[in-house]
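If you're matching them up, the sequences are chains P and S in order. Residue numbering for the first sequence follows numbering that gives the first Met the number 0, beginning at 0 and increasing consecutively. Residue numbering for the second sequence follows numbering that gives the first Met the number 0, beginning at 0 and increasing consecutively. Where is the CB? At the ideal position from N, CA and C, for every residue including glycine. Before any comments, here is the structure.
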Amino acid sequence: MNDKSSNPNAIPEKVAKVMIDEIFRKNNVNPEEIKNNLSNDQKKMLKDMVEDLREQVNQFNKGEKDTTKTDE
Amino acid sequence: MGHMTKSKWRALDHCDGSSDRDDANVVQDADQVVSNQQISDEWIIIKDSQNIDVTTTDRQAAVSLQLGIEAAIAAVINISIGNGSQSDSITQGIRQMVNTRQGNRQKTIVEQSRDIEITTRDTDVAVNIQLLFQILAAIVASLDIL
């Protein structure tokens, strides 16, 4: 699901998941319940938003690594 | 320009007088680099120098990307959980995950130099963005959106 090839994660994916699950649990949020409350349109919208950001983050990381300098 | 004692060598000395080369842009470039210090504290000071190429983290892109991801996190939480005290508390919890990673200080000073290329990387900014995105990804993953 995630492409781990290009950039190393800031924290291991599992750690992020544990932390988020913990925050949800502390606040009495049941992910199962929310899943059912979201419409397909909403899910698609959020999914598109995240994919778009993933692309931007990858672009940014690419720029970070690109050390070639052009003289104009 | 009269020197009373042997003065320090200055890269731009030869520009005084007859030279028609315009080196003002060197100074201006440096100014711009120093002025953008939104999320971290980076100083690049260039003095008495000529032909210095500076490549640094694109602060503007970093800031807008960071804001974009933060807004996305807020949107996901608002849509899925609503915007009451519960979601405030969740947002705060998430903020605490990120807040530990602020503050990058680097200073680069170039003095009396010529033809130098500087490349600085603000790794903290990159890590911050990566972390924020991972949090966003973890949230949507746990909600089965992806």
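query                                                                                                                : result
Where lysine 16 of chain P meets chain S, residues with beta-carbon distance less than 8 Å                           : Ala137, Ala140 and Ser141
Distance, alanine 70 of chain S Cα to serine 141 of chain S Cα                                                       : 18 Å
Neighbouring residues, chain S, relative to lysine 42 of chain P (Cβ below 7 Å)                                      : Ile144
Integer-rounded CB distance, given that isoleucine 134 of chain S should sit under 8 Å from isoleucine 93 of chain S : 6 Å
Unbroken beta strand (DSSP E) run spanning aspartate 52 of chain S, endpoints                                        : 49-54
Chain S contact for aspartate 20 of chain P (CB, 8 Å cutoff)                                                         : yes
Reference glutamine 91 of chain S, options P:Pro30, P:Asn26 and P:Met48, closest by Cα                               : P:Asn26
Short CB-CB distance (under 8 Å) between asparagine 26 of chain P and chain S                                        : yes
Own chain, CB closer than 7 Å to serine 79 of chain S, minus 5 neighbours either side, in chain order                : Leu142
Backbone CA spacing between isoleucine 10 of chain P and serine 6 of chain S [nearest angstrom]                      : 53 Å
Counted within 10 angstroms of its Cβ, other Cβ atoms place serine 34 of chain S as buried (16 or more) or exposed   : At serine 34 of chain S the pLDDT is 32, less than 50, meaning the model places this residue with poor confidence; the figure from the coordinates comes in the next sentence. Serine 34 of chain S is exposed by the Cβ-count criterion.
Burial state of isoleucine 138 of chain S (16 or more Cβ within 10 Å)                                                : buried
is_contact[leucine 52 of chain P, chain S] using C-beta, thresh 8 Å                                                  : yes
Closer than 8 Å to chain P by CB, glutamine 37 of chain S                                                            : Unreliable placement is indicated for glutamine 37 of chain S, whose pLDDT of 44 sits below 50; the coordinate value is still reported in the next sentence. Chain P contact via Cβ: absent.
Inter-residue spacing [alpha-carbon to alpha-carbon] between valine 126 of chain S and valine 17 of chain P          : 19 Å
Those residues which DSSP pairs with lysine 106 of chain S across a bridge                                           : S:Trp42
Alpha helix (DSSP H) segment containing threonine 122 of chain S, residue limits                                     : 122-141
Residue interval of the beta strand (DSSP E) (run including arginine 113 of chain S)                                 : 113-118
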